[in-house]
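Trainee: The numbering of the sequence shown is the numbering used here, which starts it at 167 and goes up by one. We treat Cβ as the ideally placed atom computed from N, Cα and C, and that holds for glycine. Below is the structure I would like to discuss, written out as C-alpha cells.
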Amino acid sequence: MELTINNIGLVKNATVKLEGLSVIAGENDTGKSTVGKTAFSIIKGMNNHHKDFKEDKFTQIDDNIDAIYFKFRELTKEHGQVNLGFSSSRIYPPRVRRDVLRLLNMEDYLGLEKFIQLYIQRLEAEAQDINMSLEAFEEIKPLINELTRTVGSLRDPKGYIIRSVMLALKSEFGTDLNNKFTKEFGKIIYEENGEALLEAVLSKNIIKTATYSETPLEIEDATYIESPLIFQMYRTIAESKIFTNDKRTINYRKESNNPSIPFHFKDLISKMVDSTYYDEIDDNLGQTFIEGISNIIDGESLFDKDHDEFLFEREFQNETYSFKTSNVASGIKSFSVIQMLLKAQIINDRSLLIIDEPEIHLHPKWQVQYCEIIVELVRLGVRVLVTSHSPYIIQSLKYYSDKKEISTKVHFYLAEKLECGKNTQIINVDDNLNSIFKKLSDPLKKLL
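Structure follows, in C-alpha cells:
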C-alpha cells in the first residue's frame, strides 16, 4: 500500500508506504498532515461511494419533487383552479419520497426509473383532472426534465467514485488542495499490492482527470485523530455540517455563510459514540488493550447515551466517580480516544489509523507508553500513520518496533522545506534516522 502525492497542499513530492507503521517527522509547517488527510480522503471516498451516491441522488430527486409539487400548486392558484379538485395525494412529496428511498436502498435503479415515469404520468393526469392549460403545464416541463436527467444518471454508480473522493478531499482541504506556490498540476496516486487503484490529476482544487480500478480496496476504513480536544467540541461537531449546504454538494466558492467542518471530525465522533455498544465478552483482544489503557490513565472513558455526553470514570475506595471527559487532563483524553475506538472495534487489520502529532498533549512518560500501544497494534496487523515533531515519539516508536521485531513493517520519513522556503518534500530516511533527530534537536543545541 503506497501513496504518492505531488503539489498537494505544501507538499511538492512525497511517496509514503502504508504497510505497517509509517512515521512522518518534521518541523511545523512542513506538510506532515497532508499525507494523512489525502490517504483518509481516498480511502473514505472510494469505500463510501455507493453510500454517497445514494445519499446524493436521493437529495437531488427529493429537491426535484419538491420543486415540481410547489410549482404545480402555485400554478393552480394563479389560474384560479384551486377549487377544481386538485388532490395532491398522487404527487404528495412525503409519499413519493418514501418510495424513492426504498428503491434507492435496494439499489433497484431500473425500478426507480419506472416509478418516476409513473410519477410523471400521475402528474400529467392530475393536471388534466383540474383542467390545467397546456401553457401552464409547460412551465413545469423544465423541472420534470431535470428530474428525468437526475434519475437517468443513476445508471453508473461506479462512476461516482471520483465525485466521492473529491467531496472528501474538499472537506479536508477546502480551497487549499492544490499547491499555491506552483502552477504545476497536482497529482495523487494510491496503490495496493502494486496496482494503482486511483490516479488523479488536479488543478484549481478540482480533479481534472482520473483513472481508477474497480478492484475493492484492501483497506476498508480510515480514522484520523487530530486532537483530543474533540471531546470539548462534541456538541459543536454533532450539530455542524461536513459540506457547506449539508447536501453533499461541492461548493467551489472561497467563502460560505454556512459553517462546515472537516469530514474526519464527524467521522471520529460517530465512531467514539459507537463505543457505547461495546461488550467485552465478544472482544478478548480489544479488552487487553482497553484494560492496559485504563491502568495508565487510572480510569475509563465511555459515552453516556442517556445524557448524550462523554464521561470519564475512576474508582476510589470501592466507589466509582464520573467526570465529564471535557474536564479531565488532555493526556487522559489522548488515551481515551484510542480506548473508545478499540471499544467500537474500529481499529483492526482492515483499517488505517492516522494520528497527527500525538505528543502535543502528552508528558514524555505517557508519550513512551502511547507509542508502546501503537507498536503493539501494528504487530497485530493494524496499519498506522503517525506524524510527529517529538524526539520522544520517534525514538519510542523505533525502540518498540525493534523490541517487538516488526522493523520490516516500519518506515520513517522526514518532511522538510525546499530551498525556496515555500514548498516541502517528504523523503524516506529508513537508512538515515539520525537526520530526523538532528532536525528536531537543532533548536535545543542553539540554547547550549
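For Lys407, write down the residues that DSSP places opposite it in a beta bridge.
Mentor: Lys407 pairs with Ser426.
Trainee: Taking contact to mean at least 3 C-beta pairs separated by less than 8 Å, is the segment 499 to 511 in contact with the segment 434 to 445?
Mentor: Segments in contact, yes.
Trainee: Leaving out five residues on either side along the sequence, give the residues of the same chain with a beta carbon under 8 Å from the beta carbon of Asn345.
Mentor: Once the five neighbours on either side are set aside, the close Cβ partners of Asn345 are Asn173, Ile174, Gly175, Leu176, Val177, Lys178, Gly352 and Asn589.
Trainee: Could you give the residue range of the beta strand (DSSP E) that holds Val595?
Mentor: Note, Val595: premise wrong, no beta strand (DSSP E); not H, not E.
Trainee: Once DSSP output is grouped into helix, strand and coil, what is the label at Thr381?
Mentor: Coil.
Trainee: Quick one: measure Cβ to Cβ for Ala581 and Lys198, integer angstroms, because I've assumed they're closer than 8 Å.
Mentor: Right, their Cβ atoms sit about 5 Å apart.
Trainee: Given 8 Å as the limit, is there contact between the segment 337 to 344 and the segment 289 to 307, that is, 3 or more CB pairs closer than that?
Mentor: Counting Cβ pairs under 8 Å, fewer than three are found: no touch.
Trainee: With distances taken between CB atoms, is the gap from Tyr566 to Glu585 smaller than 8 Å?
Mentor: No. Outside cutoff.
Trainee: Taking only beta-carbon positions, decide if Glu392 is within less than 8 Å of chain D.
Mentor: The chain inventory of the structure shown lacks chain D, comprising one protein chain alone.
Trainee: Using the rule of at least 16 other Cβ atoms within 10 Å of the residue's Cβ for burial, across every protein chain shown, is Ser607 buried or exposed?
Mentor: Counting Cβ neighbours within 10 Å, Ser607 comes out exposed, since fewer than 16 surround it.
Trainee: Can you give the Cα-Cα distance for Leu519 and Ile540, rounded to whole angstroms?
Mentor: Whole-angstrom Cα-Cα distance: 10 Å.
Trainee: Kindly indicate the opening and closing residues of the alpha helix (DSSP H) around Ile282.
Mentor: That run of the alpha helix (DSSP H) goes Tyr275 to Asp295.
Trainee: Does the segment 598 to 612 come into contact with the segment 218 to 235, if we say contact requires no fewer than three beta-carbon pairs (one atom in each stretch) closer than 8 Å?
Mentor: Not touching, per the Cβ criterion.
Trainee: Can you tell me whether Arg268 is buried or exposed? The criterion is at least 16 other CB atoms within 10 Å of its CB, across all chains shown.
Mentor: It is exposed - the Cβ of Arg268 has fewer than 16 other Cβ atoms within 10 Å.
Trainee: Can you give the beta carbon distance from Ile572 to Val550, rounded, assuming they're within the 8 Å contact cut?
Mentor: Going by Cβ atoms, the distance from Ile572 to Val550 rounds to 11 Å, so no, they are not a contact pair.
Trainee: Measuring CB to CB, does Lys223 end up less than 8 Å from Phe429?
Mentor: Not closer than 8 Å, so no.
Trainee: When DSSP labels each residue in this structure, what does Thr181 get in the three-state scheme?
Mentor: Looking at Thr181 - three-state DSSP - the assignment turns out to be strand.
Trainee: Please report how far the alpha carbon of Thr415 lies from the alpha carbon of Asp228, in whole angstroms.
Mentor: The pLDDT assigned to Thr415 is 47, lower than 50, so where the model puts this residue is not dependable, and the model offers no usable value.
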